[in-house]
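Peer 1:
Now the structure itself:
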């Protein structure tokens, strides 16, 4: 079972920062996950929340704030004084930092009232950096994933946060020929794993931060887990 560094090695450094990604690389992670949003002026930044308050000393919505203003925020102090001065990174910076052989899970975050073509901008940059072959695009906005797949051949992971009764039928209905089902750890079960594997899909689970759950998921056939602690299986 593979371990994906969730928002970098975010158990050891502030999530979605260069420090967290460097820590994941240092720990030997083969896969990393992070979130991408578009700023007011059309830049792509790596940050999870739609607002700045939780992980920076800024205020307001990411989509309503310029990249310059977001980059002026401190994205490390909330986590620890050891990380004072960390910035919200640009997507381009993160792609340049990560090793060429690292698998990248890019979660595209779009607010319901976001009407810009964020998907196209993300895909164009990933293509420009020649990283598309090692990238899995994911989102809770499944329309976003359909749009991506209509642009070019690529891998997508369908993020699900509920106990969907017939996920495979849903994927077929939506036209989602995906790489994986990315399911919340609350709703992982053997039937889901069997159905997904029978359909040729991998099962990924988020966010697994304890060794007992990690080992149980490995035993029942989960393919990969997202963890804040990339070394979880060695604890």
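Residue numbers (this note's numbering): 7 to 241.
For each residue, glycine too, the CB sits at the ideal point set by N, CA and C.
Check for me: the alpha helix (DSSP H) holding residue 68 runs from which residue to which?
Peer 2: Run containing residue 68: none; DSSP gives neither H nor E here.
Peer 1: Please determine if the region 191–207 and the region 222–230 are in contact, where contact requires at least 3 C-beta pairs separated by less than 8 Å.
Peer 2: The answer is yes - the region 222–230 touches the region 191–207, with three or more Cβ pairs under 8 Å.
Peer 1: Between the region 141–151 and the region 102–116, are three or more C-beta pairs nearer than 8 Å?
Peer 2: yes
Peer 1: By the three-class DSSP mapping on this structure, what secondary structure does residue 147 have?
Peer 2: coil
Peer 1: Check whether the Cβ of residue 208 lies closer than 7 Å to any heavy atom of the ligand ADP, and answer yes or no.
Peer 2: With respect to small molecules bound, the structure shown includes none, and the ligand ADP cannot be examined in it.
Peer 1: List the DSSP bridge partners of residue 189.
Peer 2: 166 and 211
Peer 1: The alpha helix (DSSP H) spanning residue 8 covers which residue range?
Peer 2: That residue, residue 8, is in no alpha helix (DSSP H); its beta strand (DSSP E) goes 8–12.
Peer 1: Express the C-alpha separation of residue 78 and residue 160 in angstroms, rounding to a whole number.
Peer 2: In a straight line, the C-alpha of residue 160 is about 34 Å away from that of residue 78.
Peer 1: Touch check for the region 60–78 and the region 27–38: three-plus C-beta pairs under 8 Å?
Peer 2: Result no; under three Cβ-Cβ pairs closer than 8 Å.
Peer 1: Shortest alpha-carbon distance to residue 47 belongs to which of 69, 11, 120 and 131?
Peer 2: 69
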